[in-house]
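>
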Amino acid sequence: MSTVTAKKRSTKKSTPEFSKDTYLNWYEVMLRIRKFEEASLKAYSQQKIRGFLHVYIGQEAIAAGLVSALRKEDKIATAYRQHGIALSRGISSDKCMAELFGKVTGVVKGKGGSMHFSSKEHNYIGGNGIVGAQIPIGTGVALAEQYKGTDNLCVTMFGDGAARQGALHEAFNMAMTWKLPVLYICENNKYAMGTSVERTSNVEDIHKLGLGYDMPSEAVDGMSPESVHRALAKAAEHIRAGKGPYFLEIKTYRYRGHSVSDPGTYRTKDELNDYKDRDPIKETEEKIISEGIATQKEIDNIKEAIKAEIAAAVIFAENSDYPLGSELYDHNYVQKDYPFIMD
Amino acid sequence: MSRIITLRDALREAMSEEMRRDETVFLMGEEVAEYNGAYKVSKGMLDEFGPKRVIDTPIAELGFAGIGVGAAINGLRPIVEFMTWNFAVLAFDQIVNNAAKTLAQSAGEYKCPIVFRGPSGSAGQLAQQHSQTFESWMANVPGLKVISIIDPYDSKGLMKSAIRDDDPVCFMESEISYGIKGEVPEEEYLVPIGKAKVKREGTDVTLVSYNKMMLVAMSAAEELAKEGISAEVIDLRTIRPLDHETIVESVKKTNRLVVVDECWPFAGVSAEIAYEIQKYAFDYLDAPVTRVNSADTSLHYAPTFVEEFLPNPTKVIKAVKEVLYVGA
Numbered sequence: 001m002s003t004v005t006a007k008k009r010s011t012k013k014s015t016p017e018f019s020k021d022t023y024l025n026w027y028e029v030m031l032r033i034r035k036f037e038e039a040s041l042k043a044y045s046q047q048k049i050r051g052f053l054h055v056y057i058g059q060e061a062i063a064a065g066l067v068s069a070l071r072k073e074d075k076i077a078t079a080y081r082q083h084g085i086a087l088s089r090g091i092s093s094d095k096c097m098a099e100l101f102g103k104v105t106g107v108v109k110g111k112g113g114s115m116h117f118s119s120k121e122h123n124y125i126g127g128n129g130i131v132g133a134q135i136p137i138g139t140g141v142a143l144a145e146q147y148k149g150t151d152n153l154c155v156t157m158f159g160d161g162a163a164r165q166g167a168l169h170e171a172f173n174m175a176m177t178w179k180l181p182v183l184y185i186c187e188n189n190k191y192a193m194g195t196s197v198e199r200t201s202n203v204e205d206i207h208k209l210g211l212g213y214d215m216p217s218e219a220v221d222g223m224s225p226e227s228v229h230r231a232l233a234k235a236a237e238h239i240r241a242g243k244g245p246y247f248l249e250i251k252t253y254r255y256r257g258h259s260v261s262d263p264g265t266y267r268t269k270d271e272l273n274d275y276k277d278r279d280p281i282k283e284t285e286e287k288i289i290s291e292g293i294a295t296q297k298e299i300d301n302i303k304e305a306i307k308a309e310i311a312a313a314v315i316f317a318e319n320s321d322y323p324l325g326s327e328l329y330d331h332n333y334v335q336k337d338y339p340f341i342m343d
Numbered sequence: 001m002s003r004i005i006t007l008r009d010a011l012r013e014a015m016s017e018e019m020r021r022d023e024t025v026f027l028m029g030e031e032v033a034e035y036n037g038a039y040k041v042s043k044g045m046l047d048e049f050g051p052k053r054v055i056d057t058p059i060a061e062l063g064f065a066g067i068g069v070g071a072a073i074n075g076l077r078p079i080v081e082f083m084t085w086n087f088a089v090l091a092f093d094q095i096v097n098n099a100a101k102t103l104a105q106s107a108g109e110y111k112c113p114i115v116f117r118g119p120s121g122s123a124g125q126l127a128q129q130h131s132q133t134f135e136s137w138m139a140n141v142p143g144l145k146v147i148s149i150i151d152p153y154d155s156k157g158l159m160k161s162a163i164r165d166d167d168p169v170c171f172m173e174s175e176i177s178y179g180i181k182g183e184v185p186e187e188e189y190l191v192p193i194g195k196a197k198v199k200r201e202g203t204d205v206t207l208v209s210y211n212k213m214m215l216v217a218m219s220a221a222e223e224l225a226k227e228g229i230s231a232e233v234i235d236l237r238t239i240r241p242l243d244h245e246t247i248v249e250s251v252k253k254t255n256r257l258v259v260v261d262e263c264w265p266f267a268g269v270s271a272e273i274a275y276e277i278q279k280y281a282f283d284y285l286d287a288p289v290t291r292v293n294s295a296d297t298s299l300h301y302a303p304t305f306v307e308e309f310l311p312n313p314t315k316v317i318k319a320v321k322e323v324l325y326v327g328a
């Protein structure tokens, strides 16, 4: 009995699984996303942001675990609920907010809006607005990594709705056949727009879809950065060893509706509150304090810094210019003198 | 030095030369490798380049087109073969929503240099689902370029240009043209995208066409010559961007235009050309622009339906005589 206790103590003392820096980074990444999204919702209500707006609130632990478990050289292709992933990748709050405002200082110069951030510098292939279209694309990005002989992988993310697209099955099949370095992540937030997972298929455990292709496939708790990190690190090691793709179904929850126009009447308050009780930001903060990983002062400093950063991002976006209408013709073709039909 | 080779061989030479020149070029599609290509266009390429660069795919057009798009975004230059463009319909999401939009969505950061190629149009008694002409569908989409060929020389030169192009290109061939022979230089050359070519000079009427309808237009021109009617025949070669200047220049000389187009009539290539000509050569026209298209129906199986459906020299000659106001 005493031996076991001693062993436990010594394990804990020697090397904690995650460092102080990791916890503080997770906290910062998640808080940045939460505050960014809250600010974007406010700006939307003020009609400063138009079009579609799908916020990431509730799913932040996935972005946090993703950034700590993977390398900067790894590529990421994802869906349209993507501000959080872009921010975690290191794209600045200024550039992301300006993009939502449709300003020329945005990450894609006002050409993409909420659904389509991308940045080559950050190896962020970006957000796709067609449900599931990024699944074969991310697979092709991975094919190019294999072709070039790197040990990078492509994280290909999609929601539970996209798991019902045929593109998933075609891509899974080829990725396994060719042992491509692709990490598939289904962010299962339980609802494809307003349709719950159990209403879309006989198979509610989405990770089981990978088993039909003999792909290593697991379910992961998506409300904790620790569990996300562990699962991703393990999957990434498998992929980098040349063993082919891996599929993680990360179970998460979005606190808000599908988009800003969705009041979310298809789910109960109790369900929402159950997830809010497990809020990853709140829980991480509690853990940091209760386990003495960092001080309240350090946490408060992060809160202040994020608050200032997001406020500055909104001002930056507001003060930036819209792109010129004449820039409509830029970036349709690489060919500079493409003869558009202008009449 | 030139030799006479088939269009099939010309396409293979183009792909092989570009693959030797550039390590990032690869070919993928159904039956392209071990089977040597459904129409033998890629015959021998697996032997030369190996399975890394000549990739057999399962029958999953949406999936492998998307994998091609992803590979192109990440620095490669894929050639994606569709056994026919009819099957590419399954991949339109990737061609239209993704390949064509990649550059725009990333404000120029990610380009998508990819060639989607395969036969378009009818090829005998193949019935409704295997007989459609896709040039006008794809040409409707900004972000794409569309090439449609009939001549071995042009096929090789344009395929090489398409592979080197940084924009996504839809390359339209025809099952019944792969055996067409023509003179092709041994030394390297390129044919520029976006340039039409006058294939036969004439003074009385301009015929504009592309792909295998060029054979119909050329045959009609020969028949008309016997009756003393001199037809100029233009091969568009590229559908998007359309070289309307070459057509306008010709119409300024002939004052009459007949478009021979295998696309359906509604919003087809012929409709776009008719618009351009009424806009830019209105004062030169001595008759309304006329067109000979496939019928505004699906193509059914029996030979009588095929005959009724497709443009042919008789229909073209009739149209020419209409614009010349001479009796049939």
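Residue numbers (my numbering), protein chains in the order written: chain S, 1 to 343; chain B, 1 to 328.
Just so it is clear, CB atoms sit at the ideal spot from N, CA and C, and this is done for glycine as well.
1. Does the CB of leucine 103(B) have a neighbour CB from chain S at under 8 Å?
2. Pick from Leu232(S), His169(S), Leu41(S) and Lys103(S): whose alpha carbon is nearest that of leucine 211(S)?
3. Please classify phenylalanine 101(S) as buried or exposed, where buried requires at least 16 neighbouring CB atoms within 10 angstroms.
4. Measuring CA to CA, which of Arg254(S), Trp178(S) and Tyr213(S) is closest to glycine 159(S)?
5. Output the residue ranges of the beta strand (DSSP E) runs that lie fully inside the stretch 63–107 of chain S and measure 3 residues or longer, sorted by chain position.
6. Kindly indicate which residue of Ser40(S), Thr15(S), Ile57(S) and Val197(S) has the alpha-carbon position closest to the one of arginine 50(S).
7. What does the alpha-carbon distance come out to for the pair alanine 77(S) and glycine 138(S)?
8. Looking only at its chain, what residues have a beta carbon closer than 7 Å to the beta carbon of asparagine 312(B), apart from the 5 residues adjacent to it on each side?
9. Would DSSP call serine 42(B) helix, strand or coil?
10. Determine, using beta-carbon pairs with one atom in the stretch 270–279 of chain B and one in the stretch 100–108 of chain B, whether at least three such pairs fall under 8 Å.
11. Taking DSSP as the reference, what is the three-state secondary structure of aspartate 21(S)?
12. Taking a Cβ distance cut-off of 9 Å, strictly less, list which residues of the stretch 36–49 of chain B are near chain S, in chain order.
13. Quick one, which of Ser19(S), Thr15(S), Arg32(S) and Asn332(S) has its alpha-carbon nearest asparagine 301(S)'s?
14. Looking at the unbroken alpha helix (DSSP H) that takes in arginine 12(B), where does it start and where does it end?
15. Is the Cβ-Cβ distance between glutamate 186(B) and methionine 1(B) less than 8 Å?
16. Under the three-state reduction of DSSP, which class applies to threonine 284(S): helix, strand or coil?
17. What are the residues of the stretch 206–235 of chain B that lie near chain S, defined by any Cβ-Cβ distance shorter than 9 Å?
18. With a cut-off of 8 Å on the beta carbons, I'd call glycine 143(B) and glutamate 81(B) a contact; round off their distance for me.
19. Per the DSSP calculation, glycine 132(S) is bridged to which residue(s)?
20. For chain S, find out if any of its Cβ atoms is closer than 8 Å to the Cβ of valine 259(B); answer yes or no.
21. Can you give me the C-alpha to C-alpha distance between threonine 5(S) and histidine 238(S), rounded to a whole angstrom?
22. Would you tell me roughly how many angstroms separate the C-alpha atoms of threonine 195(S) and isoleucine 310(S), rounded to the nearest one?
23. Classify lysine 8(S) as helix, strand or coil using the three-state DSSP reduction.
24. Just curious, the beta strand (DSSP E) that methionine 172(B) is in, first and last residue?
25. Among the candidates Ala312(S), Trp26(S) and Leu70(S), whose CA atom is the shortest distance from the CA of valine 181(S)?
26. Using the beta-carbon of each residue, which ones in chain B are nearer than 7 Å to methionine 176(S)?
27. I think methionine 213(B) touches cysteine 170(B), with their Cβ atoms under 8 Å apart; what is that distance to the nearest whole Å?
28. Using the Cα positions of serine 10(S) and glutamate 17(S), report the straight-line distance between them to the nearest angstrom.
29. Once you ignore the five residues that flank tyrosine 56(S) on each side, which residues in its own chain have a CB closer than 8 Å to its CB?
30. Shorter than 8 Å from the beta carbon of glycine 182(B) to some beta carbon of chain S?
31. For phenylalanine 367(S) and valine 69(B), what's the separation of their Cα atoms in angstroms?
32. Taking serine 45(S) as the query, report the chain B residues whose CB atoms sit under 8 Å from its CB, ordered along the chain.
33. Spatial neighbours of alanine 312(S) within its chain, please: CB distance less than 6 Å, with the 5 preceding and 5 following residues excluded, ordered by chain position.
34. Flag glutamine 94(B) as yes if its beta-carbon sits less than 8 Å from any beta-carbon of chain S, otherwise no.
35. Between which two residues does the beta strand (DSSP E) carrying phenylalanine 158(S) extend?
36. Beta strand (DSSP E) containing arginine 117(B): first to last residue?
The short version:
1. Judged by the 8 Å Cβ criterion, leucine 103(B) is in contact with chain S.
2. Per the Cα distances, His169(S).
3. For phenylalanine 101(S), the number of other beta carbons within 10 angstroms of its own is at least 16, and it is reported as buried.
4. Minimum Cα distance to glycine 159(S) is reached at Arg254(S).
5. For the stretch 63–107 of chain S, the full-length beta strand (DSSP E) segments reaching 3 residues or more read 75–78 along the chain.
6. Cα-wise, what sits closest to arginine 50(S) is Ser40(S).
7. Rounded to the nearest angstrom, the gap between the Cα atoms of alanine 77(S) and glycine 138(S) is 6 Å.
8. Excluding residues up to 5 positions away in sequence, Val216 lie with their Cβ nearer than 7 Å to the Cβ of asparagine 312(B) in the same chain.
9. DSSP, reduced to helix, strand and coil, places serine 42(B) outside both helices and strands of the structure shown, so it counts as coil.
10. Contact fails: fewer than three Cβ-Cβ distances are below 8 Å.
11. In the structure shown, aspartate 21(S) sits in a helix (DSSP, three-state: H, G or I).
12. So the list is empty, because no residue satisfies the distance condition.
13. Minimum Cα distance to asparagine 301(S) is reached at Arg32(S).
14. Counting along the chain, the alpha helix (DSSP H) containing arginine 12(B) begins and ends at 7–21.
15. Yes, the Cβ-Cβ distance between glutamate 186(B) and methionine 1(B) is below 8 Å.
16. Three-state result, threonine 284(S): helix.
17. Flagged: no residues at all.
18. About 21 Å separates the CB atoms of glycine 143(B) and glutamate 81(B); that is not less than 8 Å, and the two are not in contact.
19. Its beta-bridge partners do not exist; DSSP assigns none.
20. Residue contact check for valine 259(B) against chain S: no CB pair falls below 8 Å.
21. Residue placement at threonine 5(S) is poorly supported in this model, since its pLDDT is 46, which falls under 50; the coordinates are not used for a value here.
22. Rounded to whole angstroms, the separation of the alpha carbons of isoleucine 310(S) and threonine 195(S) is 33 Å.
23. With a pLDDT of only 49 at lysine 8(S), under 50, the local geometry of the prediction cannot be trusted, and no value is derived from it.
24. From DSSP, the beta strand (DSSP E) with methionine 172(B) extends over 169–173.
25. Checking the displayed sequence, the identity of residue 181(S) turns out to be proline instead of valine. The residue with the shortest Cα to Cα distance from proline 181(S) is Leu70(S).
26. In chain order: nothing, as chain B lies at least about 11 Å away.
27. At roughly 17 Å, the Cβ-Cβ gap does not stay under 8 Å, so methionine 213(B) and cysteine 170(B) are not in contact.
28. Below a pLDDT of 50, predicted positions are generally treated as unreliable, and serine 10(S), at 48, falls in that range; the measurement from the model is reported next regardless. In a straight line, the C-alpha of serine 10(S) is about 13 Å away from that of glutamate 17(S).
29. Counting only Cβ-Cβ distances below 8 Å, and skipping sequence neighbours, we find Ile33, Glu37, Ala63, Arg81, Gln82, His83, Gly84, Ile85 and Arg254.
30. Taking Cβ atoms only, chain S never reaches closer than 8 Å to glycine 182(B), which makes this a no.
31. Given a span of 1 to 343 for chain S in the structure shown, any question on residue 367(S) remains unanswerable.
32. The contacting residues do not exist; serine 45(S) stays about 26 Å from chain B at best.
33. No residues qualify anywhere along the chain.
34. By this cut-off, glutamine 94(B) is an interface position.
35. Its beta strand (DSSP E) spans residues 154–159.
36. Per DSSP, arginine 117(B) belongs to the beta strand (DSSP E) from 115–119.
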